[in-house]
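So the sequence shown is numbered by the working numbering: it starts at 3 and just counts up by one. For glycine and all other residues, C-beta sits at the position ideal for the given N, C-alpha and C. Read through the structure below, which is laid out as structure tokens, and then see the notes.
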Amino acid sequence: MKKAICLFAGVMIWTLGFITDEVIASENCSYLFVTSELVPNAVKIIDVVGDSLVGFINHPDFGSGGSGRNMTFRQDGHLFVTNDIGSDPHIYEFDENGNYVRRFSVPGVPRPGSITFAPNGHLFVNYEGVSAFGASITEYNLNTETVVHSMLMCPGRMEPANLRFGPNGHLFVAGWGDCDPTGGGFAWIEEWDVSAIPWVKIKEYHGTNSLSRDRWNSVVFIGDDTMLAGNYHPLDTSRIEIFDIPTGAYLGSLVRLAGSHFVGLTIGPDRLLYTARGVDFQVTKYDPHTGQFLGKVCDGCASVAGDNEVAFSPGFLCPLEVKVDIKPQSCPNPLNVADMGVLPVAILGTSDFDVSQVDPASLRLEGIAPVRWTMEDVSTPVPDSDDSCFCHTLGPDGFVDLVLHFPAQEIVSALGSYSNWETRALTLTGELFDGTPIEGEDCIRIQIPPKKRYWGGMFGKGEGPQNAGYGPSTFELLGNYPNPFNATTTISYSLPQDAEVRLDIYNVAGQKVRTLIEENQSAGIHSLVWDGRNDSGQPVASGLYFYRLKAGEFLETRRMTLLK
3 MKKAICLFAG
13 VMIWTLGFIT
23 DEVIASENCS
33 YLFVTSELVP
43 NAVKIIDVVG
53 DSLVGFINHP
63 DFGSGGSGRN
73 MTFRQDGHLF
83 VTNDIGSDPH
93 IYEFDENGNY
103 VRRFSVPGVP
113 RPGSITFAPN
123 GHLFVNYEGV
133 SAFGASITEY
143 NLNTETVVHS
153 MLMCPGRMEP
163 ANLRFGPNGH
173 LFVAGWGDCD
183 PTGGGFAWIE
193 EWDVSAIPWV
203 KIKEYHGTNS
213 LSRDRWNSVV
223 FIGDDTMLAG
233 NYHPLDTSRI
243 EIFDIPTGAY
253 LGSLVRLAGS
263 HFVGLTIGPD
273 RLLYTARGVD
283 FQVTKYDPHT
293 GQFLGKVCDG
303 CASVAGDNEV
313 AFSPGFLCPL
323 EVKVDIKPQS
333 CPNPLNVADM
343 GVLPVAILGT
353 SDFDVSQVDP
363 ASLRLEGIAP
373 VRWTMEDVST
383 PVPDSDDSCF
393 CHTLGPDGFV
403 DLVLHFPAQE
413 IVSALGSYSN
423 WETRALTLTG
433 ELFDGTPIEG
443 EDCIRIQIPP
453 KKRYWGGMFG
463 KGEGPQNAGY
473 GPSTFELLGN
483 YPNPFNATTT
493 ISYSLPQDAE
503 VRLDIYNVAG
513 QKVRTLIEEN
523 QSAGIHSLVW
533 DGRNDSGQPV
543 ASGLYFYRLK
553 AGEFLETRRM
563 TLLK
């Protein structure tokens, strides 16, 4: 179960002010948290999926004239917010449920700036101010409430604006100033190994035209080897620039934007790049690989300006949705509860998804691990449909699939209680080799053999004895004849008992084109004729169609071909 930071306080927020952005994923993987540098007592919560303002976080201790400016999350889901502009600046801690825990100050840091947590749980905070004493970075142990180490950064001449730990465990410091005129000018990024004292500087990163840059504002990481850095220069073309972490090499600009500046960056749970732009007052999103602009976030409700910082809470990645086909080329997907074999399940490859990225050992179907797996092309993904259990029997499509085999009896046990002909969605979870979570689902149709039904207590709910007389003993969609057909075709089905019946026709896009019947029918064999027309009486095009019978809890789909 993912932790959730869902904080709501019904307070009014000032309409003007400089805003600092923090992006944090909640349980539904969609919440963007926005703090204001000059607006006191409120943190905006934006639902980036619904593109709407959800609510606010506040605390009276933020005080008049001050506000939450920078935010970070600890691995346990606790939220930490700085209040650095008022007369009594502190760092505030909220638990994973949004409850206020405490406020505290870090000795030697009268004005806390950027904050971040190290892999060992220590808090790193910079003193945001340039004076004769210079700016500093401090490592603080929250458990013992003691300073572990503090380092002065180039006295009187620079300010570390953003602290982030990279995928290699090193501290990346993005700053501004003229600490070393020979080292690239005003804008710089340093990488430090802070695992032992004294800290050791590994290398520096410098982008294009750095002498004309005012400052680096934020860094973010793509995988293990790539860093993106956003800079601030309101009188110049601001950029998001790309660096290679192993070598420190500058790889070029991802985004260039005149008249604005990128003061906060984060990678969202949807794998998009979210930015806080400080001149045109917008939170925006981009493709982190191509730089393509993908739109504004909650235009009008997520305005930002000033010094901004962005970060997603750790451990809140939304699962990547994958296409799953249980019992490929079968529709519906019957699971006989007495089956002693295996249940085949395929993760389907597509033009956008290579199944070789999937770690098979991580996969679980309803918590059950597969006993073996192979790579082969077995099925075609179903088109998107309003019916989450829509299926077809199409075979290979030219893309390799990952075919897994799960022990059928373990899956049956995981179902808990069930009834005959019940439709049940099964969820497959796992990870890619890079750690990205994945998730997908498909439906099964539960079949209880007649002899088992008499012992319902042993096999879930069961149904008890039935069909003692003559006539059909099971629900069944018998098929259509002729198939393929030209003008009309007859669809037959059996009902072992009276039932509310609906029979629909769908095209290959998953769109319903015709409802042939929707009424209560008596037990027996029934037949319906389809004349190749839609609900409006218009002839439909030649091609593949699917007909689905729903009778009580029974649901089955088959295919047919219309030729003209």
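- Going by beta carbons, asparagine 72 and glycine 123 fall outside the 9 Å limit.
- One Cα belongs to glycine 110, the other to leucine 34, and the distance between them is close to 31 Å.
- The closest CA to that of proline 121, considering only Glu141, Asp361, Tyr129 and Val108, is found on Glu141.
- By the CB criterion at 9 Å, alanine 416 and methionine 342 fall outside the cutoff.
- Alanine 198 and methionine 155 have their C-alpha atoms spaced approximately 18 Å apart.
- Glycine 232 is classed as buried because its beta carbon has at least 16 other beta carbons within 10 Å across all chains shown.
- Under the three-state reduction of DSSP output, glutamine 359 falls in the helix class.
- In the structure shown, the three-state DSSP call for valine 510 is coil.
- In this structure, the beta-carbon distance from leucine 430 to leucine 367 falls below 9 Å.
- Cα atoms of phenylalanine 106 and glycine 432: separation of roughly 40 Å, rounded to the nearest angstrom.
- In this structure, DSSP gives glutamine 449 an extended state, which the three-state scheme calls strand.
- The Cβ atoms of leucine 564 and serine 544 sit closer than 9 Å to each other.
- The residue from Glu95, Thr268 and His151 with its alpha-carbon nearest to that of leucine 230 is Thr268.
- Between glutamine 513 and serine 390, the CB-CB gap reaches or exceeds 9 Å.
- About 24 Å separates the Cβ atoms of phenylalanine 401 and valine 373, ruling out a contact at the 8 Å cut-off.
- Spatial neighbours of valine 299 in its own chain (CB-CB distance under 8 Å, excluding positions within 5 residues in sequence) are listed in chain order as Leu34, Ile48, Val50, Asp53, Tyr276, Gln284, Val285, Thr286 and Lys287.
- Restricting attention to Pro330, Leu480, Val357 and Gln294, the CA atom closest to the CA of leucine 256 is found in Gln294.
- Judged by their CB atoms, serine 494 and tyrosine 483 are nearer to each other than the 9 Å cut-off.
- According to the DSSP assignment, valine 414 belongs to the alpha helix (DSSP H) that extends over 410–417.
- Its chain contains Val339 as the residues whose beta carbon lies nearer than 6 Å to that of valine 414, once the 5 sequence neighbours on both sides are disregarded; these appear in chain order.
- Contact between proline 383 and lysine 325 holds: CB atoms are separated by about 4 Å, below the 8 Å threshold.
- Given a length threshold of 3 residues, each whole run of the beta strand (DSSP E) inside the stretch 506–563 is given here in chain order: 514–523, 526–532 and 545–553.
- Per the DSSP secondary-structure output, valine 202 pairs in a beta bridge with Asp195.
- Look at serine 364 here: in three-state DSSP terms it is helix.
- Counting along the chain, threonine 429 sits inside the beta strand (DSSP E) bounded by residues 425–433.
- Cα atoms of leucine 350 and glutamate 441: separation of roughly 12 Å, rounded to the nearest angstrom.
- Measuring C-alpha to C-alpha distances from phenylalanine 126 to each of Thr492, Ala489, Phe174 and Val380 identifies Phe174 as the nearest.
- Separation of isoleucine 448 and valine 344 (C-alpha to C-alpha, rounded to the nearest whole angstrom) is 15 Å.
- The beta carbon of alanine 251 is closer than 8 Å to those of Phe245 in its chain, skipping five residues each way along the sequence.
- Going by beta carbons, proline 336 and valine 405 fall outside the 9 Å limit.
- Annotated three-state conformation of isoleucine 48 is strand, per DSSP.
- If you draw a 10 Å sphere on the C-beta of glutamate 192, you find 16 or more other C-beta atoms in it, and that means buried.
- The Cβ neighbour count for glutamate 502, taken over all protein chains shown within 10 Å, is under 16; the residue is labelled exposed.
- Closest in alpha carbon position to isoleucine 370, among Glu412, Asp403 and Ser421, is Glu412.
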